[in-house]
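> Handing you this structure, nothing more for now.
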Ligand code: FES
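In my numbering, the protein residues as written are 1 to 71.
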């Protein structure tokens with residue numbers, strides 16, 4: 001999934017970057033504290049499930065991949 005979504009398993013929540021400045025995209029790395037912008041979006045997950053997090057910005061189901069990167 002190098003160019004597709006990021007697979008996440010075993011997490012009960014993630015902080016998704018909304019300021020577009022994180023070096024650990026799609027996750028917040030606190031860069032918004034120094035460079036400005038809104039803080040992260042907290043997303044609750046079921047830690048017994050596997051999720052695919054969008055990295056291409058094309059999804060219509062943010063932050064989850066909907067397969068739009070294939071188009
Ligand atoms: S670094 Fe982007 S929201 Fe925190």
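Note that CB positions come from ideal geometry on N, CA and C, so glycine has one too. Values in this document were obtained by computation on a predicted structure and should not be read as measured data.
1. Take residue 25 and list the residues in its own chain whose beta-carbon comes closer than 8 Å to its own, dropping the five residues that flank it on each side.
2. Nearest-angstrom Cα distance between residue 71 and residue 15?
3. Using 7 Å as the limit for Cβ to Cβ distance, is residue 28 near chain B?
4. Just curious, the alpha helix (DSSP H) that residue 34 is in, first and last residue?
5. Helix, strand or coil for residue 69 per DSSP?
6. Among 32, 28 and 51, whose alpha-carbon lies nearest the alpha-carbon of residue 42?
A quick look at the data gives this:
1. Taking the chain shown and counting its residues from 1, the one referred to as residue 25 is at position 25. Cβ within range, chain order: 17 and 55.
2. Residue 71 sits at position 71 when you count from the first residue of the chain shown. Residue 15 sits at position 15 when you count from the first residue of the chain shown. The alpha-carbon atoms of residue 71 and residue 15 are separated by roughly 27 Å.
3. The structure shown has no chain B; it contains just one protein chain.
4. Here the question's residue 34 lines up with position 34 in the chain shown. Segment 31 to 35, the alpha helix (DSSP H) holding residue 34.
5. Mapped onto the chain shown, residue 69 falls at position 69. Three-state result, residue 69: helix.
6. Your numbering for residue 42 matches position 42 in the chain shown. Closest by alpha carbon: 28.
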